[in-house]
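Participant: Following this message is one structure expressed as structure tokens.
Residue numbers (my numbering): 231 to 319.
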């Protein structure tokens, strides 16, 4: 009984398939699979980026306080400009 309904459905779909243009190119199953994999990759990357962006501290340190490494802004500016640091003792 089940095979009969499947063959009946195929007999109705075959004329519809003949009506399609045989010169027309469609992406098919492979195109869908590639698109689905790319969509999953983008979703995973966006989820990872969201997690990493949550860890970022967007507050700027004020000029009064030394940086996290303990350097003053003058020492950091001297190192950035390429001038040698005076030696002590």
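Note that the Cβ used here is the ideal one computed from N, Cα and C, for glycine as well. Owing to the predicted nature of the structure, the values given are computational and were not obtained by experimental measurement.
Using DSSP with H/G/I as helix, E/B as strand and the rest coil, what is residue 280?
Facilitator: It is helical.
Participant: Taking the straight line between their C-alpha atoms, what separation do you get for residue 288 and residue 268?
Facilitator: Approximately 31 Å, taken between the alpha carbons.
Participant: Helix, strand or coil for residue 262? Go by DSSP, reduced to three states.
Facilitator: The answer is helix: DSSP assigns residue 262 an H, G or I state.
Participant: Taking only three categories from DSSP, how would you classify residue 291?
Facilitator: Residue 291: coil per DSSP, three-state reduction.
Participant: Using 10 angstroms around the beta-carbon of residue 258, count the other beta-carbons present and answer buried if the total reaches 16, otherwise exposed.
Facilitator: Looking at its Cβ environment, which holds fewer than 16 other Cβ atoms inside 10 Å, residue 258 is exposed.
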